[in-house]
Structure formats: structure tokens, C-alpha cells
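Residue numbers (mature numbering (1 follows the signal peptide of the UniProt record, and there is no 0)): -21 to -1, 1 to 92.
No residue lacks a Cβ here, since even glycine has one placed at the ideal position from N, Cα and C.
Keep in mind the model is a prediction, meaning the values are calculated, not measured.
All remarks here apply to the structure that follows.
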């Protein structure tokens, strides 16, 4: 009985650490790609609700690409290899922290933007 409890606790801790790292990766991606125009992660994520972010990132971020195609600098960012490799992480960060979700989970007061 104690072994099962201990294993469950270890799995929960490892899972929690994985979620934190995932949020951190999304925040890093946001900072590299979006911060220049959209501000801190808190401000950028709050631009849309989680459902609206979901729509933006459907079909390999087709709607997000369309919104940014009118600005040459933004198009350059969207067409970059870094965006292509990390858009899913960025999308999950923005969906998980949309305006309807409350606080931005990977913001710790010292590292939000």
C-alpha cells in the first residue's frame, strides 16, 4: 500500500515538473517571436480567449498566418524556421493562458515578459 502511494506521489511530482517546463518553453517561444509587437506574455495571451487561440492555431496556424501577412516584419517571423518548429508550443501556451483563463501560469512575478 505504501509503495503504491509513494509511486503515485513520484509520478505526480514528475508530471508537475513536466508541465512547468512546458509552460516555460511556451513563454520562451512567445518572448522570441511575439513580445516585440504584443508585449509581455500576460498581455499577449490576454488578447484572445482560449477558444479564439484554438481557432488561430488550427490547420498549422493558418488563421494566425493570415492575420500577420499584411505586416512584413510579422510575416518574416511567421515564416521563420523557429516559428515552424515551435508554433505548437506557442499555441498551447496562448490557449492555456487566454483572457478567459485567469492568470498566466508560467508567469512567476519575476519572469513574465
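#1: Under 8 Å by Cβ, that's how I've got residue 65 and residue 28 pegged, so tell me the actual separation to the nearest angstrom.
#2: Are the beta-carbon atoms of residue 6 and residue 20 separated by less than 8 Å?
#3: Quick check: the Cα distance between residue 76 and residue 60, rounded to an integer number of angstroms?
#4: I think residue 74 touches residue 33, with their Cβ atoms under 8 Å apart; what is that distance to the nearest whole Å?
#5: Start and end of the alpha helix (DSSP H) containing residue 35?
#6: Going by DSSP, what residue range makes up the alpha helix (DSSP H) through residue 67?
#7: On the DSSP letters alone, give me the boundaries of the alpha helix (DSSP H) that residue 20 sits inside.
The answer reads as follows:
#1: That belief does not hold up - the Cβ atoms of residue 65 and residue 28 are roughly 22 Å apart, past 8 Å.
#2: Cβ distance < 8 Å, so residue 6 and residue 20 count as in contact.
#3: 24 Å
#4: Correct: roughly 6 Å between the Cβ atoms.
#5: Per DSSP, the unbroken alpha helix (DSSP H) holding residue 35 starts and ends at 29 to 35.
#6: 60 to 75
#7: 20 to 24
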